[in-house]
Amino acid sequence: MRRLYTLLLILSVGLVVSCGQGAKESEQTVVNLSDIEVSTQVGKRKIYYRFPSPNDLISYIKSEQLVYSELFLNPTDNADRYLGSRLQLFNLGVFSADFAFITVFKNLSHAAKYFEAVEKIAYKNGLSPVFNESLRAKVQRNQNNMDSLSTIARDSYIEMVNHLTLSGREKQLAIISAGGYVEVLHLSVVQIDNTTDKQPILARVYDQRLGLENLIRFMNDYTSDDKWVLELQGDLKDLLAAIKLGESEPVQATKEEVNAGEFALTAQVKPVHYSAENYTTLKTTILKLRNKYTNPFLQER
Amino acid sequence: MDLIRKLLFTYLVVLSITSARGQSCLDFHTRTCPIPDFSYYYDQQSASFSMKVADTTELRAIVFEKSDYYVSVCAHKKIKRINLNIYEDTPQRKLLYSNSTNAYSDSVKFSNDLTQQVIFEVSIPVQGNDKDDKRERCVGVLIAKRIRVEALKID
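Residue numbers (this note's numbering), protein chains in the order written: chain C, 4 to 304; chain X, 2 to 156.
Put into structure tokens, the structure is as follows:
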């Protein structure tokens, strides 16, 4: 009898917790700030933060100036050396970014082993429903078709995001995304020696501050009970501060109506300037951060 | 004892239905929102949430330069009208688009020249909906994009 009551109590707590998921802010007055009258109404306002995937980031940074070298990637041997689940998840993001980098550069010889690294870590962390036999077979069938592999990389990442969201594991998603951001920034700055070198790529590195800001805000929900995530968020804040050392004239887009239900946001993008000292700070921050979390001898505390 | 067993069973059924309903909203947009033509591809910043009449949800996302975007909204059939406003995510919060000027259309396309943070604000207005409907229902925002060829020539 007592066991039944205990069970009921646990279930009640579970029900309350599960109903609370996704609500980021409490009830407040919603004021419509637009010039266009919709209605001023009272209800809940919730805020969700989103940020691009590693595939999107790599596609964005990719240009003729960006080159491919396996030396830039995290060696796949490391995949077995990460002991804690958080460190594994961070490096799942790192390897996902590396795999996206490989597919964008159409390097077939490295694709399979990097997919295997992603799959291995994903499997260890309960993502086998995504990285399953059918996906593996699909990769094997298409291992000579880089366009298909690229689509598989994109789709499997989206599947993974959906799976983590649906199973209420958004903290894990935050850690994976952090790994993805750090690796994409590493793959970029490792190729830029000075501030006049490859300016367009540097400008796109500077743009990553926007997604990183959203990711840092997204992580806010998971830092209160997890020191590891809190420390990671602190490191990302340092990274953000380093990226923001770049200077650029503020640009506002101008809206042009194309027709009903279609518009254009036009803007003349301004160059980004980093002083030599600031660029050194940025590059050092990225390299140190990447080394801290991808170093195989680092163990989760 | 039998009564408690029955109560527990009912409780578990209700619990599973409630959680399933809440969770099922999370991929609502992939099942329900209008989709663009095949030149666009799915952006993982898309999302679904549960809302009721008078609620507002902000989806804060990033749009990349030299890209075209397609954004659509969708909701449970009981919700007749969804308001989509798109703002620049800046302190000034400049309004870029409101579907209230376009007969509450469920989709919009825009081309974008500036990488920036934007807010996709979705609300369920009292006007045009059943104000007595107090139930939380699924609402989705689908974001799709395509990169313009010029984006690949930044050198």
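Positions of the beta carbon are idealized from the N, C-alpha and C atoms, including for glycine. Owing to the predicted nature of the structure, the values given are computational and were not obtained by experimental measurement.
| Item | Value |
| --- | --- |
| Under three-state DSSP, which class holds Tyr-209/C? | helix |
| Alpha carbon to alpha carbon, how far is Arg-53/C from Gln-46/X? Give it in angstroms, no decimals. | 5 Å |
| Go ahead and label Gly-237/C buried or exposed: buried means 16 or more other beta carbons lie within 10 angstroms of its beta carbon, across all protein chains shown. | exposed |
| Determine, using beta carbons only, whether Arg-147/X comes closer than 8 Å to chain C. | no |
| Drop a sphere of 10 angstroms on the beta-carbon of Asp-131/X, count the other beta-carbons inside from all chains shown, and report buried for 16 or more, exposed for fewer. | exposed |
| Within 8 Å (strictly less), CB to CB, does Tyr-98/X reach chain C? | yes |
| Along the segment 47-73 of chain C, where does the CB come closer than 8 Å to a CB of chain X? Name the residues. | Lys-47, Arg-48, Lys-49, Ile-50, Tyr-51, Tyr-52, Arg-53, Phe-54, Pro-55, Ser-56, Asp-59, Ser-62, Tyr-63, Lys-65, Ser-66, Glu-67, Gln-68 |
| Roughly how many angstroms separate the alpha carbons of Leu-248/C and Thr-284/C, rounded to a whole number? | 9 Å |
| Work out the CA separation of Ser-25/X and Arg-138/X for me, nearest whole Å. | 10 Å |
| Specify, as a first and last residue, the run of the alpha helix (DSSP H) that Tyr-117/C falls within. | 111-127 |
| Going by other Cβ atoms of all chains shown within 10 Å of its Cβ, with 16 needed for buried, is Ala-279/C buried or exposed? | exposed |
| Could you tell me which of Leu-111/C, Asp-101/C, Gly-171/C, Arg-89/C sits nearest to Leu-60/C, measuring between CA atoms? | Asp-101/C |
| For Ile-105/C, which residues in chain X fall below 8 Å Cβ to Cβ? | Correct list: empty, because the minimum Cβ distance to chain X is about 18 Å. |
| Classify Val-70/C: buried if its beta carbon has 16 or more other beta carbons within 10 angstroms, exposed otherwise. | exposed |
| Is it the case that the segment 212-224 of chain C contacts the segment 73-83 of chain C, given that we only count it when at least three CB pairs across the two stretches are under 8 Å? | no |
| Taking the CB atoms as reference points, tell me whether Asn-135/C and Leu-95/C lie closer together than 8 Å. | no |
| Answer with buried or exposed for Val-232/C, where buried requires no fewer than 16 other C-beta atoms within 10 angstroms of its C-beta. | buried |
| If contact is defined by three or more beta carbon pairs under 8 Å, each pair taking one atom from either stretch, is the segment 37-45 of chain X in contact with the segment 112-131 of chain X? | no |
| For the segment 164-182 of chain C, which residues have a beta carbon sitting closer than 7 Å to at least one beta carbon of chain X? | Val-164, Asn-165, Thr-168, Leu-169 |
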